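Enquirer: The structure that follows is given in the form of structure tokens.
Residue numbers (the working numbering): 1 to 315.
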């Protein structure tokens, strides 16, 4: 059989592949499962892997990563498509594509008609919450509805990240326990906050290219540019407060209490302020406020304005 598993949700792809691997008897799996890197795989490599007879099993499994993405148009693609019609009956050939595929290509058209196709998209909305509740039950814990919503707000809809965070929460409350918003807020880091930390790290070190890339990741999170600007201004104010209190020789936990911040936020800020002078931080805060005003009066675009600020700070 032919299989195509593709799409951006890495965890969903891994689950679908694990189900196929489970069909191969565990004691002979090493002898009957072949994995190929599509970036370097030739048609001869693929044919050799597919036509090797199963050993002490009825079938063999051949897994090829990102072959369709790197397959050249023309003769090479045509020859691959022709071979797919004569893959031996004892071979299950699986194409794993980490991104979307070219739906206009002859290969995709053929696979859509003749293969089992599994598109792996991140879950959203009610489907995501239902999935989280089911995962929690499988771990032997209950997940409050508000806690599930809070978890998706902090961690997004990345399947792998959510599974890891849920496992951490389940371990914390213990089997038969209940996960509430309190546990989520205590244990789950805000991914956007982490991306913001990465951006400030790069900016404080004056790594211009890295800072611009980190800023782009903040935009790619899907939040409005105005909110990104608000987050940055808020973080700069935290840095200003931390810098002042560190100069007064206050302990990190005391600084966190005084500023109303989580201790890990303050510890991270203490690392970051070393890369800024007082003048740097005050100038950065002033420019963010000016950009906010200019964007609201139609005189500036926030994304372009932030990129200009980064370029100036790192020059």
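Each residue gets a CB set at the ideal place from its N, CA and C atoms; glycine is no exception.
Nothing here was measured: the structure is a model prediction, and the numbers come from that model.
Within 10 angstroms of the Cβ of residue 60, are there 16 or more other Cβ atoms? Answer buried if so, exposed if not.
Expert: Counting Cβ neighbours within 10 Å, residue 60 comes out buried, since at least 16 surround it.
Enquirer: Which residue spans inside the region 147-197 form an unbroken alpha helix (DSSP H) run of at least 4?
Expert: Those alpha helix (DSSP H) runs which fall completely within the region 147-197 and span 4+ residues are 159-173 and 181-187.
Enquirer: Are the region 61-70 and the region 33-51 touching, with three or more C-beta to C-beta distances below 8 Å?
Expert: Judged by Cβ distances under 8 Å, the region 61-70 makes contact with the region 33-51, as three or more pairs qualify.
Enquirer: Identify, in the order they occur along the chain, each residue of the same chain with its Cβ nearer than 6 Å to the Cβ of residue 284, setting aside the five sequence neighbours on each side.
Expert: Contacts found: 236.
Enquirer: DSSP beta-bridge partners for residue 60?
Expert: Its beta-bridge partners are 91.
Enquirer: How is residue 276 classed by DSSP in three states: helix, strand or coil?
Expert: DSSP places residue 276 in coil when its eight states are reduced to three.
Enquirer: Could you compute how far the alpha carbon of residue 120 sits from the alpha carbon of residue 17?
Expert: Cα-Cα distance, rounded: 11 Å.
Enquirer: Name the DSSP beta bridge partners of residue 119, please?
Expert: Looking at the DSSP assignment, residue 119 forms a beta bridge with 6.
Enquirer: Along the alpha helix (DSSP H) that carries residue 78, what are the first and last residues, could you check?
Expert: Residues 75-84.
Enquirer: What are the start and end residues of the beta strand (DSSP E) that includes residue 28?
Expert: It is not in any beta strand (DSSP E) - residue 28 carries neither H nor E in the DSSP assignment.
Enquirer: Roughly how many angstroms separate the alpha carbons of residue 15 and residue 98, rounded to a whole number?
Expert: Answer to the nearest angstrom: the Cα atoms are 13 Å apart.
Enquirer: Give a yes or no on whether the C-beta atoms belonging to residue 140 and residue 175 are separated by under 8 Å.
Expert: Cβ atoms of residue 140 and residue 175: closer than 8 Å.
Enquirer: Output needed for residue 303: all residues of its chain with C-beta closer than 8 Å, excluding positions within five of it in sequence on either side, in chain order.
Expert: Within the same chain, residue 303 has close Cβ partners 219 and 225.
Enquirer: Mapping the DSSP letters down to three states, classify residue 33 as helix, strand or coil.
Expert: Residue state, collapsed to three classes: strand.
Enquirer: Mapping DSSP to helix, strand and coil, what is residue 139?
Expert: In this structure, residue 139 counts as coil in the three-state DSSP scheme.
Enquirer: Can you give me the Cβ contacts of residue 278 inside the same chain, cut-off strictly under 7 Å, excluding the 5 residues immediately before and after it?
Expert: Excluding residues within five positions, the ones whose Cβ falls inside 7 Å are 243.
Enquirer: On the DSSP bridge assignment, give the partners of residue 97 in chain order.
Expert: For residue 97, which the question treats as bridged, DSSP gives the partners 6.
Enquirer: Does the region 162-175 touch the region 203-216, meaning 3 or more C-beta pairs lie closer than 8 Å?
Expert: As far as the Cβ criterion goes, the region 203-216 does not touch the region 162-175, which means the pair count is below three.
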